[in-house]
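Chains as they are written, first to last, in UniProt numbering: chain P, 1 to 286; chain A, 1 to 126.
Just so you know, even glycine gets a beta-carbon here, dropped at the ideal spot from N, CA and C.
Fair warning: this is a prediction, and the values are worked out from it, not measured in the lab.
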Ligand SMILES: Nc1nc2c(ncn2[C@@H]2O[C@H](COP(=O)(O)OP(=O)(O)OP(=O)(O)O)[C@@H](O)[C@H]2O)c(=O)[nH]1
Ligand SMILES: [Mg+2]
Ligand SMILES: [Zn+2]
């Protein structure tokens with residue numbers, strides 16, 4: 001027996017493959033997924049509430065799935081928009097994986113869904129490593145978190161296809177330095193769009209919906225330099241397409257044993273009543 | 001801490017390779033870890049030791065090979081070490097059309113198998 005084996009297997013290959021399949025499967029059914037990442041409390045749910053309400057007003061078929069370590073509060077809040085919502089409890093797991101998402105969508109996601117919003121677990125570290133089969137990865141940061149957030153969490157901000165600053169209504173009060181933030185975003189993710197929003201002041205509400213719809217309609221999403229697929233292929237700026245298959249993981253991981261993960265439990269929340277209004281977007285390109 | 005999920009994926013892949021090679025034990029697993037891969041080698045080592053328990057990898061050592069981040073500018077052809085946090089705009093001309101050459105790696109490079117007890121006994125008897 002040879003004592004050393006040259007394995008050369010990508011560790012994330014299994015999740016990446018699953019994500020790629022899920023993306024293709026959803027696209028075939030006319031659904032584009034938006035993966036929302038931020039620190040705990042940045043305002044994902046608040047912004048999503050406003051965006052879902054707007055989508056409903058405009059007659060866009062959307063659905064939302066929110067993942068938390070505990071409580072069903074977020075799904076309850078989101079369900080007030082009147083769109084299909086599902087709470088996923090991760091039972092302690094700090095992130096969602098493509099496999100888990102696929103499991104939760106099966107038998108739940110309405111067939112006519114145009115956009116599926118996934119609110120990931122509030123955490124800027126772990127979820128950044130897991131492709132969920134999204135067509136648009138959105139990273140949010142509130143004005144209270146400090147301008148150097150993109151440098152402290154380069155994997156998240158570096159792989160974002162859209163960056164949303166939240167709680168813009170209190171930017172002045174907390175002395176948020178917009179230029180410094182933009183400089184830091186550009187350092188780790190040149191070319192990504194940064195938009196400024198406030199769910200409370202209804203500022204920039206609708207930007208997320210518009211960008212998501214554009215991608216769902218086939219527009220090329222921003223392709224971050226840090227994107228593993230971009231890096232692996234080495235042609236970052238050909239067509240801006242994000243849907244190719246990454247190489248370098250074709251070494252027999254497919255027929256291996258599936259590693260087990262708790263899928264947690266999930267609950268659905270019915271509609272209730274709608275809320276509010278659109279507003280002019282404010283955005284720049286990093 | 002997603003290092004646990006990653007460690008479990010590593011263990012899973014090595015278990016599979018061990019079956020394919022008829023290996024009875026694992027001495028070391030060497031991982032290539034890019035400095036921009038988003039994992040902390042120390043956390044990974046800790047999780048790995050837990051994930052190995054009760055498997056053919058029990059007692060295996062995890063060795064991580066650091067891969068530096070490097071980028072190239074499509075505009076001027078300049079190349080540089082990205083550092084952490086990475087500088088991904090061109091450090092020479094400032095252009096944003098750049099590409100990452102390395103730094104996102106997270107892969108099992110090699111596995112060193114241990115002599116299993118059966119084989120050790122067979123050797124002793126010789
Ligand atoms: N001033 C202000 N506060 C906001 C805004 N959006 C959210 N908040 C507040 O920020 C806190 C967290 O908001 P959430 O929407 O729950 O944040 P989240 O990112 O979903 O939080 P987790 O799911 O726990 O990670 C709440 O107290 C909100 O009222 C905003 O636009 N302006
Ligand atoms: Mg929330
Ligand atoms: Zn240059």
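- [ ] May I have all residues whose beta carbon comes closer than 5 Å to any heavy atom of ligand 3, sorted in chain order?
- [x] A/73, A/75, A/76, A/78, A/90, A/92, A/93 and A/95
Task: C-beta neighbour in chain A for residue 264 of chain P, strict 9 Å - done: The predicted model places residue 264 of chain P with a pLDDT of 47, which falls under 50 and marks its position as unreliable; any figure quoted below should be read in that light. With 9 Å as the cut-off, residue 264 of chain P does not count as an interface residue toward chain A.
- [ ] Please compile the residues from chain A whose C-beta is within a distance smaller than 8 Å of the C-beta of residue 11 of chain P.
- [x] 6, 9, 10, 13, 31, 106, 107 and 108
TODO: Tell me the start and end of each unbroken alpha helix (DSSP H) in the segment 155-232 of chain P that is at least 4 residues and wholly inside, in chain order.
DONE: 171-174, 178-188 and 207-216
TODO: On a CA-only basis, which of P/164, P/6 and P/152 is nearest residue 46 of chain P? Give me that one, please.
DONE: P/164
Task: Residue range of the alpha helix (DSSP H) that includes residue 103 of chain P - done: 98-105
- [ ] Take every Cβ of the segment 71-88 of chain P, pair it with every Cβ of the segment 13-32 of chain P, and state whether three or more of those distances are shorter than 8 Å.
- [x] no
TODO: Tell me whether residue 234 of chain P is buried or exposed, calling it buried when 16 or more other Cβ atoms sit within 10 Å of its Cβ.
DONE: In this prediction, residue 234 of chain P has a pLDDT of 40, which is less than 50 and means its spatial position is unreliable; what the coordinates show is noted afterwards. With fewer than 16 other Cβ atoms within 10 Å, it is exposed.
Open item on the list: With a threshold of 9 Å between beta carbons, is residue 41 of chain A in contact with chain P?
Closed with: no
- [ ] Taking only heavy atoms of ligand 1 into account, decide whether any of them is closer than 8 Å to the Cβ of residue 152 of chain P.
- [x] no
- [ ] Flag residue 145 of chain P as yes when its Cβ comes closer than 8 Å to any non-hydrogen atom of ligand 2, and as no otherwise.
- [x] no
Task: Span of the alpha helix (DSSP H) around residue 25 of chain P - done: 13-28
Task: First and last residue of the uninterrupted beta strand (DSSP E) at residue 27 of chain A - done: 25-34
Task: For residue 82 of chain A and residue 36 of chain A, believed in contact at Cβ under 8 Å, the rounded distance - done: 7 Å
TODO: Compute the beta-carbon to beta-carbon distance between residue 33 of chain P and residue 133 of chain P, rounded to the nearest angstrom, for a pair I have assumed lies under 8 Å.
DONE: 6 Å
Task: Rounded distance between the beta-carbons of residue 65 of chain A and residue 32 of chain A, thought under 8 Å - done: 5 Å
Open item on the list: Using a Cβ-Cβ distance cut-off of 9 Å, determine whether residue 146 of chain P contacts chain A.
Closed with: no
TODO: Give the interface partners of residue 66 of chain A over in chain P, defined as CB-CB distance under 8 Å, in chain order.
DONE: Chain P residues near residue 66 of chain A: none, gap ~15 Å exceeds 8 Å.
Open item on the list: Between which two residues does the beta strand (DSSP E) holding residue 119 of chain P run?
Closed with: 115-119
Task: For residue 99 of chain A: DSSP bridge partner residues - done: A/72
Open item on the list: Counting only C-beta atoms, is residue 129 of chain P closer than 9 Å to chain A at any point?
Closed with: yes
- [ ] Using a threshold of 9 Å, state whether the C-beta atoms of residue 202 of chain P and residue 85 of chain A are closer than that.
- [x] no
- [ ] Report buried or exposed for residue 22 of chain A, applying the criterion of at least 16 other Cβ atoms within 10 angstroms of its Cβ.
- [x] exposed
TODO: Could you tell me if residue 8 of chain P is buried or exposed, where buried requires 16 or more neighbouring beta carbons within 10 angstroms of its beta carbon?
DONE: exposed
TODO: For residue 30 of chain P, count neighbouring Cβ atoms within 10 angstroms of its own Cβ and tell me buried if that reaches 16, exposed if not.
DONE: exposed
Task: Selection of the segment 87-103 of chain P by Cβ proximity to chain A, strictly under 9 Å - done: 93, 94, 95 and 97
Task: residue 83 of chain P, DSSP secondary structure in three states - done: coil
Task: Opposing strand residues paired with residue 137 of chain P [DSSP bridges] - done: P/35
Task: Beta-carbon proximity of residue 67 of chain P to residue 145 of chain P, cut-off 9 Å - done: no
TODO: Give the straight-line distance between the Cα atoms of residue 138 of chain P and residue 225 of chain P, rounded to the nearest whole angstrom.
DONE: 15 Å
TODO: Give every residue of the same chain whose Cβ lies closer than 7 Å to the Cβ of residue 171 of chain P, excluding the five residues on either side of it in the sequence, and list them in chain order.
DONE: 143
Open item on the list: Going by DSSP, what residue range makes up the beta strand (DSSP E) through residue 11 of chain A?
Closed with: Careful: residue 11 of chain A lies outside any beta strand (DSSP E), inside the alpha helix (DSSP H) at 3-21.
Open item on the list: At a cut-off of 8 Å, would you count residue 81 of chain P as near ligand 1, judging by its Cβ distance to the nearest heavy atom?
Closed with: no
Open item on the list: Shorter than 8 Å, the distance from the beta carbon of residue 166 of chain P to the closest heavy atom of ligand 1, or not?
Closed with: yes
Open item on the list: Am I right that residue 288 of chain P and residue 69 of chain P are in contact with their C-beta atoms under 8 Å? What's the rounded C-beta distance?
Closed with: For residue 288 of chain P there is no data in the structure shown, the boundaries of chain P being 1 and 286.
TODO: Tell me whether residue 47 of chain P counts as near ligand 1, meaning its Cβ is closer than 8 Å to at least one heavy atom of that ligand.
DONE: yes
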